[in-house]
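>
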Amino acid sequence: MSSNCQTILPTGSTGTHRRPACTSGLIETTSLHNLRSTPDSCPHLFKVPITGYDSDLTLKETLAISCLEGHGVEFGPLNNPLPVNPEKATLVYADRLSKEEALALFPELRDIAQNIVEPDLIVDFNDLQALTALGNHEFDFIIANHFIEHLVNPIQFSRGLQYDTERGR
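Residue numbers (the numbering used here): 129 to 297.
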């Protein structure tokens, strides 16, 4: 499949690292959180009409709303959970601390306290047994935005996810 996508620069980019946001239907995920999408920039991403949402969504948000289906879990949403289409997807939130614990441990979060998501599941993401226990839940998808960099052992975390997604297939 060929793509006529325009080059999209990450927000705040100087233009020195131009690269297409998508080529042949594939999207480079390393920059999705900074990209803005429009029907003109990537028309093939807008085949599913998106209604009732702000038109200034990031490409990541647009893809989540239009593509995620089933039951999923979002790890570490804090105050910025990824939006999904509630007619197609449901989410539970998992974090290592409750909202109350996070506010006690990190007083600087008080300014955004009203936006912090109360997690449905408390999980030690650095404990393989805790990750494996998540396999008791069935998930069709997993969201982990700005998350991996906070882990002690990202490879162990990735292996633990295998158990969670195999059952949800």
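The C-beta atom is built at its ideal place from N, Cα and C for all residues, glycine as well. Since we're looking at a predicted model, the values are computed, not measured.
Does the separation of the CB atoms of Ala222 and Phe234 fall below 7 Å?
No, they are not a contact pair.
> Contact between the region 260 to 267 and the region 202 to 217 is defined here as three or more beta-carbon pairs at a separation below 8 Å; is this criterion met?
no
> My understanding is that Val220 touches Leu249, with C-beta atoms under 8 Å, so please give their C-beta distance in whole angstroms.
6 Å
> Give me, in chain order, the residues of the same chain whose beta-carbon lies closer than 7 Å to that of Asp255; leave out the 5 immediate sequence neighbours on both sides.
none
> Would you report the Cα separation of Asp268 and Glu236, rounded to the nearest angstrom?
34 Å
> Starting from the C-beta of Pro247, find all residues in its chain whose C-beta is less than 7 Å away, skip the five residues before and the five after it, and write them out in chain order.
Contacts found: Tyr221, Ala222, Asp223, Ser226.
> Would the beta-carbon of His199 fall within 7 Å of that of Thr218?
yes
> Which first and last residues belong to the beta strand (DSSP E) in which Glu202 is found?
198 to 203
> Mind checking who Val251 pairs with in its DSSP beta bridge?
In the DSSP output, where bridge partners are listed per residue, Val251 has none listed.
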